[in-house]
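Worksheet: one structure, shown below.
In the working numbering, the protein residues as written are 1 to 121.
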């Protein structure tokens, strides 16, 4: 039950991260083209990386299999970019909330995180 709820949380965090980066992109100064590229292009790039580079037997078959440490680095990078984007867009309470939920997610699923760090997956 907890695992299922944590997977729902994880999916929500993934979506929130992409929305946060897109929001940041559309708040940039400059013309419509840089905002469009950052607001749509960067979230799309992050979503593709998230979907393509996966660890075998971790929620589905990978398109490109990578080790657990690399996957963990990718995940943390995506979430860190999202938190930083919210902070840069002057949405500090949302940035703090997102960071807290990411930490909660990894705390609940600490065994997966430790397995990835130890290279067991």
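All C-beta atoms in this analysis are idealised placements derived from N, C-alpha and C, irrespective of residue type, glycine included.
Because the structure is a prediction, the values reported are computed rather than measured.
For residue i, three-class secondary structure by DSSP
i: residue 2; result: helix
i: residue 51; result: helix
i: residue 20; result: helix
i: residue 65; result: strand
i: residue 12; result: helix
i: residue 28; result: coil
i: residue 43; result: helix
i: residue 34; result: helix
i: residue 80; result: helix
i: residue 58; result: coil
i: residue 71; result: helix
i: residue 120; result: coil
i: residue 87; result: helix
Assigned exposure category for residue i - 16 Cβ within 10 Å defines buried
i: residue 85; result: buried
i: residue 21; result: buried
i: residue 39; result: buried
i: residue 114; result: exposed
Limits of the alpha helix (DSSP H) - the one that residue i falls within
i: residue 93; result: 92 to 108
Rounded distance between the beta-carbons of residue j and residue i, thought under 8 angstroms
i: residue 17; j: residue 79; result: 6 angstroms
i: residue 119; j: residue 69; result: 6 angstroms
i: residue 54; j: residue 62; result: 4 angstroms
i: residue 98; j: residue 83; result: 5 angstroms
*Contact the stretch 18 to 37 vs the stretch 87 to 106: 3+ CB pairs below 8 angstroms*: yes
*Counting pairs of Cβ atoms below 8 angstroms between the stretch 60 to 80 and the stretch 101 to 119, do you hit three or more?*
With the cut-off at 8 angstroms, the stretch 60 to 80 and the stretch 101 to 119 touch.
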